[in-house]
Every structure is written in structure tokens, then in C-alpha cells.
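Remarks on the structure that follows.
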Amino acid sequence: MLRWSTSELRVALSPDRITFCRRRSLRQRAVTPETIVCSSLSTDQRPWAGAIAALVELLADARQRQTCLHVILSNHFVRYLALSLPVELTQRDEIDAYVRHQFSVVYGNTSSALDIRWTRSGNQQQVIVCGIRSELIREINALATNNNLRLVSIEPLLIAAFNHWRNHLKADCWFATYENQRLCLAAISKGNIQALRTVAIDSERLTNLGAIFERSRLGLDGAPSTNDIFLHDADGLPSSSITNNQWQIKTLAPASINHSDSHRLAMAGNMMLCLL
44 MLRWSTSELR
54 VALSPDRITF
64 CRRRSLRQRA
74 VTPETIVCSS
84 LSTDQRPWAG
94 AIAALVELLA
104 DARQRQTCLH
114 VILSNHFVRY
124 LALSLPVELT
134 QRDEIDAYVR
144 HQFSVVYGNT
154 SSALDIRWTR
164 SGNQQQVIVC
174 GIRSELIREI
184 NALATNNNLR
194 LVSIEPLLIA
204 AFNHWRNHLK
214 ADCWFATYEN
224 QRLCLAAISK
234 GNIQALRTVA
244 IDSERLTNLG
254 AIFERSRLGL
264 DGAPSTNDIF
274 LHDADGLPSS
284 SITNNQWQIK
294 TLAPASINHS
304 DSHRLAMAGN
314 MMLCLL
């Protein structure tokens, strides 16, 4: 059980920056996020290398006991998959094996290097699967241990954002996150994620998000017929990109990573997917 005097550090890792905020105690509410721009490490093939280097720099100043660390990972570091489970699968080990097999079908041999976790999404036969490089998770764990921090959670951005906003969404709609030229689009049915798609977007394609949404939803099972889309925009897209006559796009201000209610919403909505 955490004490009210426990301090807290929340960090969001992206390829080009880390965003963080600290609370001196769990009683403290409003904290202004800060950003560290990641240096370019051209000789390092790990896409998260710059973010880890920035985190090392940050933790050097945060070393103290009774500090909890929460980490949110950019969608650039996560692979997603929405699956419908066969009804005959009832045991956890059977589901684990089925999920890993389906993940390898979609992502190939690279899935063997991933830590794969899943959570049910409303319907007991529907699951959301996330895969993150095991190496990245080990590095985060080692940094926490070496700096006397208690690592409480590692959570993918899409899941963290959905948990934060789900009580503000319509029962049937689209939910999307955009950050650093990466769009994740989720089909929401009866308040739960039913299908997912991730799209890489260059600056030229940003001029018409509506067309990107239209193409992205083609072939998605369980896609709602509505054109209502709720967009968690982490980068501040220009208004010209968001304005669209066909899609009803509602922009959501990026949820502050120090928002402690996100975990309560996640637990209540059966959509908590932390890698710890």
C-alpha cells in the first residue's frame, strides 16, 4: 500500500523526447509537465535509445527512496492486435498460446523478441494484445532498480489515452491517438475497443486526416458506421488537418501524464493493460 508521503514520477517515452512530471506526494494534484528533447544516437539501432538516454539523465536527479515510477510508451515502441478468441479456449495458458501464435502470424519472426500481453475488451471473447520489445522493458526495470525507484507500471500510449478518455466517448465511435507521425485508430463498439489499426503518416498526408480515416477503417471487423471520431492529439496538429466535412472530429487535449484517475478508470472499465 502506498503512503500519501510517497513521491511520484510519471514519464512518457517517445523517439524524439520524454515528457515527465513529478509529485512530491500523492496528495499533490496539479503538476506542470516538462520535456527533455532526445539527442540523436545515429550509431544505435534501438529506436528507444534516445529516450532511454534522456531517462538516465532525468533519473540521476530523481534518485530517492519511496518514489513511484510510472512509464507510458509511445506507440512507436508498441505493436497492437485486436483478436476474437475461439469459444473453446477457456484456460489462460491456451489463450496465451493462441495470442502469441496470432501475433507471430501478423508480425512475423520479430514477435519472438517481444513481451506480449493481452487484456479482455468488454466482450469476454474479445482481447486487445500489445507487444513490446523485451529489451526495452528490461532496460526500464534496470534503471528503476539502479535509482532506488519503485516501478509501478509500464503502459502503452493508446491504452493509457483510452483509459483516460473512455468515459467521455460515445458508445459507438472511433478513437485515435496521433503522435510523431504515427496514427493509431481504434473502432469502439458498446464502449470497448473492437478493432485496431496503426498508420504511419508523413507531413504531406496530414493535410487530409479524413481521407486517412476513411482508408484505415476499410476491412476492420466490428467497425462502427458512425463518422464520430475522438482524437487524442499529442503533437498539436494544425486545424486545417482536423477540419473535415465527412468526419465529425473532436480533438481531445493530451491527458496530463500525472493524471492519477487514469488507473481508476482503467480498473473500472476492465481495460487495464500494464506490463507489470
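The sequence shown maps to residues 44 to 319 in the numbering used here. The beta-carbon is built from N, C-alpha and C at its ideal position, and this holds for glycine as well. This one's a predicted model, so the numbers in the text were calculated from it and none came from an experiment.
Original post:
Which residues mark the beginning and the end of the alpha helix (DSSP H) in which R60 is found?
Top reply: Unbroken run through R60 is the beta strand (DSSP E), 60-66; no alpha helix (DSSP H).
**OP:** Please determine, among W290, L239, H275, the residue with the shortest C-alpha to C-alpha distance to A125.
**Re:** Here the closest residue by C-alpha is L239.
Original post:
Helix, strand or coil: which one does DSSP assign to V242?
Top reply: Strand, per DSSP.
Subject >> T220 beta carbon less than 8 angstroms from that of L194 >> reply: Contact: no.
Subject >> Sequence-distant residues of its chain with Cβ nearer than 7 angstroms to L263 (five each side left out) >> reply: These residues qualify, in order along the chain: A230, A238, R240.
Subject >> Residue range of the unbroken beta strand (DSSP E) whose run includes V195 >> reply: For V195, the enclosing beta strand (DSSP E) begins and ends at 193-199.
**OP:** With DSSP as the reference, label L274 as helix, strand or coil.
**Re:** Correct three-state label for L274: strand.
Subject >> Anticipated Cβ contact below 8 angstroms, T49 with A55, distance rounded >> reply: Actually they are not in contact, since the Cβ atoms of T49 and A55 sit about 20 angstroms apart, beyond 8 angstroms.
**OP:** Report the option in N184, I159, E198, N235 whose CA atom is closest to the CA atom of K213.
**Re:** Looking at the Cα atoms, N235 is the closest of the given residues.
Original post:
Near R60, which residues of its chain fall below 7 angstroms by C-beta distance, leaving aside the five closest residues on each side in sequence?
Top reply: The beta carbon of R60 sits closer than 7 angstroms to the beta carbons of T78, I79, V80, C81 from its chain, once the five residues preceding and following it are set aside; these are given in chain order.
Subject >> Distance, I202 Cα to E131 Cα >> reply: Rounded to whole angstroms, the separation of the alpha carbons of I202 and E131 is 27 angstroms.
**OP:** For S127, collect the residues of the same chain with a Cβ closer than 7 angstroms to its Cβ; drop the 5 residues on either side in sequence, then sort them by chain order.
**Re:** Counting only residues of its own chain and dropping the five nearest sequence neighbours on each side, S127 has a CB closer than 7 angstroms to the CB of Q168, Q169.
Original post:
Can you pull the DSSP bridge partners for S232?
Top reply: The beta-bridge partner set that DSSP reports for S232 consists of N235.
Subject >> Start and end residues, alpha helix (DSSP H) containing V142 >> reply: Start and end: 135-150.
Original post:
Is it the case that the Cβ atoms of N223 and S117 are separated by a distance below 8 angstroms?
Top reply: For N223 and S117, yes; Cβs fall inside 8 angstroms.
Original post:
Quick one: what's L52 bridged to in DSSP?
Top reply: According to DSSP, L52 bridges with R65, L112.
Original post:
What's the gap between the Cα of T110 and the Cα of E51?
Top reply: Cα to Cα, the separation comes out at about 5 angstroms.
Subject >> Beta-carbon proximity list for Q145, same chain, < 8 angstroms, skipping 5 on both sides >> reply: Here Q145 has L124, L126, V172 as same chain residues with Cβ atoms under 8 angstroms from its own Cβ, once five neighbours each way along the sequence are excluded.
**OP:** Find the nearest neighbour of H20 within the set A266, T269, S268, I285, judged by alpha-carbon distance.
**Re:** Lying before the first or after the last residue shown, residue 20 is absent from the chain, which here runs from 44 to 319.
**OP:** Just confirm the distance between the C-beta atoms of I255 and L226, as a whole number of angstroms; I'd bet it's less than 8 angstroms.
**Re:** That pair is a contact at about 7 angstroms.
Original post:
So which of G93, R135, S268 has the shortest CA-CA distance to W396?
Top reply: With the chain covering only 44 through 319, there is no way to say anything about residue 396.
**OP:** Return the chain-ordered list of same chain residues with a C-beta closer than 6 angstroms to the C-beta of A187, the five sequence neighbours on each side being excluded.
**Re:** By the criterion of a C-beta distance shorter than 6 angstroms, A187 is surrounded in its chain by L112, L194, once the five residues flanking it on both sides are discounted.
Original post:
In chain order, what residues of the same chain lie with their CB nearer than 7 angstroms to the CB of R67, ignoring the 5 residues before and after it?
Top reply: Cβ neighbours of R67 beyond the five flanking positions: S50.
**OP:** Can you say whether N288 is buried or exposed, counting buried as having 16 or more other CB atoms within 10 angstroms of its CB?
**Re:** By the 10 Å Cβ count, N288 comes out exposed.
Subject >> Pick from N189, I115, I175 that is closest to E100, judged by C-alpha positions >> reply: The residue from N189, I115, I175 with its alpha-carbon nearest to that of E100 is N189.
Original post:
Would the beta-carbon of F120 fall within 8 angstroms of that of L157?
Top reply: F120 places its beta carbon 8 angstroms or farther from that of L157.
Original post:
Are G174 and S155 closer than 8 angstroms when you measure CB to CB?
Top reply: No, these two residues do not count as a Cβ contact at 8 angstroms.
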